[in-house]
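Chains as they are written, first to last, in our numbering: chain D, 1086 to 1441; chain S, 1086 to 1441. Glycine included, every Cβ here is placed at the ideal spot set by N, Cα and C. Since the structure is predicted, the reported quantities are computational estimates derived from the model, not experimental observations.
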DNA sequence: TTGTAAGCGTTATCAT
DNA sequence: ATGATAACGCTTACAA
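Next comes the structure, spelled out in structure tokens:
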């Protein structure tokens, strides 16, 4: 069918193995003359190596799998982007699976990826579920859990400082003179969500605010959920003068609810959130948020995978988040969404008005 | 190393071939008793088939490749999501490649995917570039170009009605009484961008507006580019009273520029855009936009691939876009970003304010 | 109904 | 420095 290594060897008047040595630069040396003939034959036949066969032989696929809970969520999209970038830089191809918040789909993807003999697996576990755990552990495939931890898993996790970040964001709202700071939280069963709630609570407690003065709404991540949660909070008798929101996506919905309620952000209700997705710079007002170090997360995740391949035992790693001050908290709002978003192309090219 | 088909056969007291027949449901029948023994052995050993070996043997990988120009752009992200969804539903796994607007990376990905013997390839070509064309054509692998057409390609394209959509959006701004309707366009060398410009121009011409009254800025897709383009337009002596924007992403930047200029949307400057990304429902005001049929695009793309596999010749397909009326054009702005976004989870669960 | 064996395209280990 | 050959794990045609 396709043109094989054998065909190249025949045309070059040599053996298939030599073709391998030329292509792979080893493990055995090959004379310059033979190499030239092989290269010519490859060119002439339009030969392309079959990496499936290579994978079978080498039991190494140079493929990594990534399973995320929700493709449509910009935070996971950004995380996926960072991981893809890092994988590409190391010569790996990434298989992407979207669990769509379903434990079943999540497990299906893990199973598929394992059957495909991926060299490693990145998993952002959907809400507490972890039906995939037994299979992945038994396979012996290196894996890393991201953003969230799986109870009982032996694999390392790469996380961010959710508690500290939430505390810092809340403290920042306090420095703007806000006292009634409510919280739009994530689902109860997701680790980063609960850590962010406790960071918020601790900041308020340290500021001497009574527990009874604190309101929290647990809800899904996502714009719509944030919108609905904020509507509840703003309808309370004692309306909050600020809201700490557990994710930028929810915060976009919160902003919308504030404006529909006839209130202004940050004047009537200040907002600070978490994640630092690119879109956060372009809402009105732009969101003050705890920026996650996406590139560093990607690097750390791959490093942990490679360490496991090398047999090293790598512990869980917690990366810091950094406060990004924009308009929603009451800080001055930088024009034009400040810096060009990561990966945004050609943003500084001159623009010119013309006639069509 | 791993547990193989042979091991299962030995334990079940049968031959490796029979194990295949049990797993694949054929092609030969297996007695109920043998099947039970095989299943038990599989369970006991924790056997998992190696699909690399299967792929090599079958010369079918059940893997498809997708190359997009920019992972960070929500439009491509949404398109990717739709395609992944469709591929998953048909039992395919998707390899995702982000060309990051680089022709070189784009070609690298196509080459990698071909080497991995993907059963088909979806390509959203980066700006006019098409360095990958010779290789993919010669490989004989079925492929489809999406969103944009590649000059000289034999493969079918799946597109939307860019001209008609732009025309409809512009006409809609005209019905709101706007006359000075400027245009923020995409890059000059991208087909859908130029088609949208001509749709906008035709609508204005039909309305009797002189060419000299039309202003257009060509720029990159992306929020920041839209922001900078709108700043130019709003600084003109005769300021436009509406802007047709070639993409929602750019429109988000346009909204930002309008608000920074101390103007209000839609009162001073109405905006209509193109794409219908989920985020468009949550800007302030929400964006009136020409919604692309993402799910249908995914379906069409896969259908074209499968048709090619079956040897059928499939022509280019153009899908319709639909006007989504929201606040930015002057229509009433539906509350809370109207319907739950596609793929947004659990959005209608009750929310409740509690103490932490 | 079941066992045997060839072959998918590659790499690595033998000899030469 | 090179040529032959066994193996990777699976599917299927063929023989029994």
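Asked: Can you tell me whether DSSP reads residue 1375 (chain S) as helix, strand or coil?; Found: strand
Asked: Beta-carbon separation of residue 1282 (chain S) and residue 1325 (chain S) under 8 Å?; Found: no
Asked: Just the C-alpha distance for residue 1361 (chain S) and residue 1382 (chain S), rounded to the nearest angstrom, thanks.; Found: 13 Å
Asked: Looking only at C-alpha atoms, which of S:1276, S:1414, S:1307 and S:1249 sits nearest to residue 1285 (chain S)?; Found: S:1249
Asked: Are the region 1137-1157 of chain D and the region 1335-1355 of chain D touching by the rule of at least three beta carbon pairs closer than 8 Å?; Found: no
Asked: Buried or exposed: where does residue 1109 (chain D) fall if 16 or more other Cβ atoms within 10 Å of its Cβ makes it buried?; Found: exposed
Asked: Quick check on residue 1439 (chain S): buried or exposed, where buried means 16 or more other Cβ atoms within 10 Å of its Cβ?; Found: exposed
Asked: Taking only beta-carbon positions, decide if residue 1321 (chain S) is within less than 8 Å of chain D.; Found: yes
Asked: Assign residue 1309 (chain D) to buried or exposed, taking buried as 16 or more other Cβ atoms, counted over all protein chains shown, within 10 Å of its Cβ.; Found: buried
Asked: Could you work out which residues of chain D lie near residue 1244 (chain S), taking near to mean beta carbons separated by less than 9 Å?; Found: The premise fails here: residue 1244 (chain S) is roughly 21 Å from chain D at the closest Cβ pair, so nothing lies under 9 Å.
Asked: What beta strand (DSSP E) runs, 3 residues minimum, are completely inside the region 1327-1392 of chain S?; Found: 1327-1330, 1355-1360 and 1373-1376
Asked: Looking at the structure shown, is residue 1176 (chain D) part of a helix, part of a strand, or coil, going by DSSP?; Found: coil
Asked: My output table needs one value for residue 1268 (chain D): the three-state DSSP class, helix, strand or coil.; Found: strand
Asked: Decide if residue 1433 (chain D) is buried, meaning its Cβ has at least 16 other Cβ atoms within 10 Å, or exposed.; Found: exposed
Asked: Assuming residue 1320 (chain D) contacts residue 1266 (chain D) under a Cβ cut-off of 8 Å, what Cβ separation, rounded to an integer in Å, is found between them?; Found: Actually they do not touch by this definition, with Cβ atoms about 17 Å apart.
Asked: Would DSSP call residue 1135 (chain D) helix, strand or coil?; Found: coil
Asked: If you run the structure through DSSP and keep just helix, strand and coil, what is residue 1440 (chain D)?; Found: coil
Asked: For residue 1258 (chain D), go through chain S and note every residue whose CB falls closer than 7 Å to its CB, in chain order.; Found: Ordered by position in chain S, no residue passes the 7 Å Cβ test against residue 1258 (chain D), which lies about 16 Å from the chain.
Asked: Give the interface partners of residue 1300 (chain S) over in chain D, defined as CB-CB distance under 8 Å, in chain order.; Found: 1438, 1439 and 1440
Asked: Do you know how far the Cα of residue 1197 (chain S) is from the Cα of residue 1204 (chain S)?; Found: 13 Å
Asked: Residues of the region 1318-1350 of chain D in Cβ contact with chain S at a cutoff of 8 Å, in chain order, please.; Found: 1318, 1321, 1337, 1338, 1340, 1341, 1342, 1344 and 1345
Asked: Are residue 1226 (chain S) and residue 1244 (chain S) close, meaning C-beta to C-beta below 8 Å?; Found: no
Asked: Which whole-angstrom value is the C-beta distance of residue 1315 (chain D) and residue 1343 (chain D), which I expect to be below 8 Å?; Found: 7 Å
Asked: To the nearest whole angstrom, what separates the beta carbons of residue 1093 (chain D) and residue 1126 (chain D), a pair I think is in contact under 8 Å?; Found: 5 Å
Asked: Which residue marks the beginning of the alpha helix (DSSP H) containing residue 1248 (chain D), and which one marks its end?; Found: 1247-1260
Asked: Determine the direct distance from the alpha carbon of residue 1417 (chain D) to that of residue 1256 (chain D), and round the result to whole angstroms.; Found: 17 Å
Asked: Please state if the CB of residue 1404 (chain S) and the CB of residue 1370 (chain S) are separated by a distance shorter than 8 Å.; Found: no
Asked: For residue 1304 (chain S), would you say it is in contact with chain D, using Cβ-to-Cβ distances shorter than 8 Å as the test?; Found: yes
Asked: By DSSP, does residue 1207 (chain D) sit in helix, in strand, or in coil?; Found: strand
Asked: Below 8 Å between beta carbons: does that hold for residue 1215 (chain D) and residue 1154 (chain D)?; Found: no
Asked: Quick check: the Cα distance between residue 1441 (chain S) and residue 1272 (chain D), rounded to an integer number of angstroms?; Found: 13 Å
Asked: Which parts of the region 1273-1310 of chain S are runs of the beta strand (DSSP E), unbroken and 3 residues or longer, counting only runs that do not cross its ends?; Found: 1301-1303
Asked: Rounded to the nearest angstrom, what separates residue 1097 (chain S) and residue 1224 (chain D) at their Cα positions?; Found: 22 Å
Asked: Along the region 1121-1140 of chain S, what residues have a CB closer than 8 Å to any CB found in chain D?; Found: 1131, 1133, 1134, 1135, 1136, 1137, 1138 and 1140
Asked: To the nearest angstrom, how far is the alpha carbon of residue 1291 (chain S) from that of residue 1402 (chain S)?; Found: 27 Å
Asked: Any idea which residues DSSP pairs residue 1402 (chain D) with across the strands?; Found: D:1243
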